[in-house]
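Numbering (our numbering), first residue to last: 73 to 474.
A virtual CB, placed ideally from N, CA and C, is assigned to each residue, including glycine.
Nothing here was measured: the structure is a model prediction, and the numbers come from that model.
Shown next, in structure tokens, is the structure this report addresses.
Have a look at this one:
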């Protein structure tokens, strides 16, 4: 499915036009309370039901609550506005509406109509493996269009057909081609009110997704084009974006979108796999957590004979002279952004972090990591740099692009 994308500052003013094009007459708005007033212009949007009762890391029960509002209010489409949590919640609501049972939902067995534009055909889905090949017709709504309006530049969730929700603390990934939002509005004006830490962490998420999708085992020629646009978009515009440059903000919004397109093809690798418990147990936001281990993982790939050539290519694409400069650049960004490195966890916490890493996500990493290596990556990520090395890393980022 090709998304209908509108770009540009104040493009949110075209939301009514977009929902009309998508055939939505009564949308459920899923989003951040502070952003929704930017959206509600015109009778259709001003009277639409709103669901903001989701968690920062959406719970499966959040989606169920959203489905109840959707059904009782007679909605015929969804608008999500906000960060990745808003968009994931909206996708999960759509997935719930297209599943005949909770078990089917968790197994990604969605019943999608053959005429939905997602490649569905008549017939029941036999297993999650068949999702992209066969789909049946849902019992409820036969069509649930979704307009996604990101309020951050980081997750790229508007460009993916995957939603992450949690059940009893356990991560659950919902993925189906039909979950790709049919419409997207990229309005960099929505980024203006974000707190600085949130801007920085989201930017690091997009940067990590761009780099990880470039080196992922599942990378393709097309996904590497999107990955390149993502990491260069962040690197070339981050300083201007944080200084308030409106054009740089638009470029950052597009870089985030490109990172989503790349990561949807390749899926994430070790930096993302290792980030979730850092956030849960130690507190740094998601993108910040990804960026803590990324430099160490970079060094391991440069040192590995089988991946060295690929890392040299990646370093060249990033505008760096030597592959080893990549990890120093990434550390320099963290230092310059004043993104603190948590104190060294005790041995028990290191064990807990290492044992929590999802093996499936690690299978997409370009080199096999043993449990001992994973633990060592965490240890190095939390080890403070010496003053000379710290200054060298900072200088590489300070003079980047000059």
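* To do: Name the two residues that bound the continuous alpha helix (DSSP H) containing residue 296.
  => 293-314
* Which runs of the beta strand (DSSP E), 3 residues or longer, sit entirely within the segment 223-295? -> 234-239, 242-247, 255-258
* Asked: Can you name, in chain order, every residue of its own chain whose Cβ lies under 6 Å from the Cβ of residue 359, other than the five neighbours on each side?
  -> 226, 273, 274, 276, 277
* Bridge-paired residues (DSSP) for residue 79 -> 258
* Could you confirm whether any beta carbon from chain B is found closer than 9 Å to the beta carbon of residue 84? => Absent from the structure is chain B; it holds one protein chain and no more.
* In the structure shown, what three-state DSSP assignment does residue 148 receive? -> coil
* To do: Within its chain, find whatever has a CB closer than 7 Å to the CB of residue 150; leave out the 5 residues flanking it on each side and keep chain order.
  => 99, 100, 102, 162, 165, 166, 216, 218
* Cβ-based burial, residue 323 [other Cβ within 10 Å; buried from 16] -> buried
* Closest by C-alpha distance to residue 326, when choosing among 299, 341, 246, 408 -> 299
* Counting only the same chain and skipping the five closest in sequence on each side, list residues whose C-beta sits under 6 Å from that of residue 77. => 256
* With a cut-off of 8 Å on the beta carbons, I'd call residue 83 and residue 259 a contact; round off their distance for me. => 5 Å
* Is there contact between the segment 446-465 and the segment 376-390, where contact requires at least three CB pairs shorter than 8 Å? -> no
* Straight-line Cα distance separating residue 133 from residue 32 -> Absent from the model: residue 32. The displayed extent of the chain is 73 to 474, so no value can be given.
* **Residue range of the unbroken beta strand (DSSP E) whose run includes residue 156** => Where residue 156 is concerned, there is no enclosing beta strand (DSSP E), although the alpha helix (DSSP H) it sits in stretches over 156-169.
* Asked: Buried or exposed: residue 366, going by 16 or more other Cβ atoms within 10 Å of its Cβ?
  -> buried
* Spell out a yes or no on whether the segment 234-253 and the segment 108-125 are touching, meaning 3 or more CB-CB pairs, one atom from each, closer than 8 Å. => no
* Which of the three DSSP states, helix, strand or coil, is assigned to residue 220? -> strand
* For residue 229, which option in 177, 432, 393, 340 has the closest C-alpha, if you only look at C-alpha atoms? -> 340
* Asked: Are there 16 or more other CB atoms within 10 angstroms of the CB of residue 338, so buried, or fewer, so exposed?
  -> buried
* For residue 251, does the count of other Cβ atoms within 10 angstroms reach 16, so buried, or fall short, so exposed? -> buried
* To do: Report the residue from 171, 159, 307 whose alpha carbon sits nearest the alpha carbon of residue 472.
  => 307
* residue 411 classed as buried or exposed, judged by whether at least 16 other C-beta atoms fall within 10 angstroms -> buried
* Skipping 5 residues on each side, what residues in its chain have a beta carbon closer than 6 Å to that of residue 75? -> 256
* **Validate contact between the segment 415-425 and the segment 438-453 using beta carbons, cut 8 Å, 3 pairs** => yes
* Asked: In chain order, which continuous runs of the alpha helix (DSSP H) of length 4 or greater are located wholly inside the segment 326-354?
  -> 342-345, 348-354
* To do: From the DSSP output, read off the bridge partner residues of residue 103.
  => 153
* Asked: Under a Cβ-count criterion, where at least 16 other Cβ atoms within 10 Å of its own Cβ denotes burial, should residue 73 be classed as buried or exposed?
  -> exposed
* Spatially closest choice to residue 542 from 130, 426, 267, by CA coordinates -> The question about residue 542 has no answer here: the residues shown for the chain are numbered 73 through 474.
* Asked: If you check the beta carbons only, do residue 462 and residue 424 fall under 9 Å apart?
  -> no
* Roughly how many angstroms separate the alpha carbons of residue 349 and residue 398, rounded to a whole number? -> 25 Å
* To do: Reducing DSSP to helix, strand and coil, say where residue 204 ends up.
  => The pLDDT assigned to residue 204 is 28, lower than 50, so where the model puts this residue is not dependable; a value taken from the coordinates is nonetheless given after this. Three-state DSSP puts residue 204 in coil, outside helix and strand.
* 6 Å Cβ shell around residue 224 - same chain, five flanking residues per side excluded -> 155, 274
* **Spatial distance of residue 283 from residue 317 (CA atoms)** => 24 Å
* **Whole-angstrom C-beta distance between residue 289 and residue 436, which should lie under 8 Å** => 5 Å
* Give the single residue among 291, 152, 357, 334 whose Cα lies nearest to the Cα of residue 301. => 334
* Asked: Hey, quick one: how far does the alpha helix (DSSP H) through residue 124 stretch, first residue to last?
  -> Unbroken run through residue 124: none, as it is neither H nor E.
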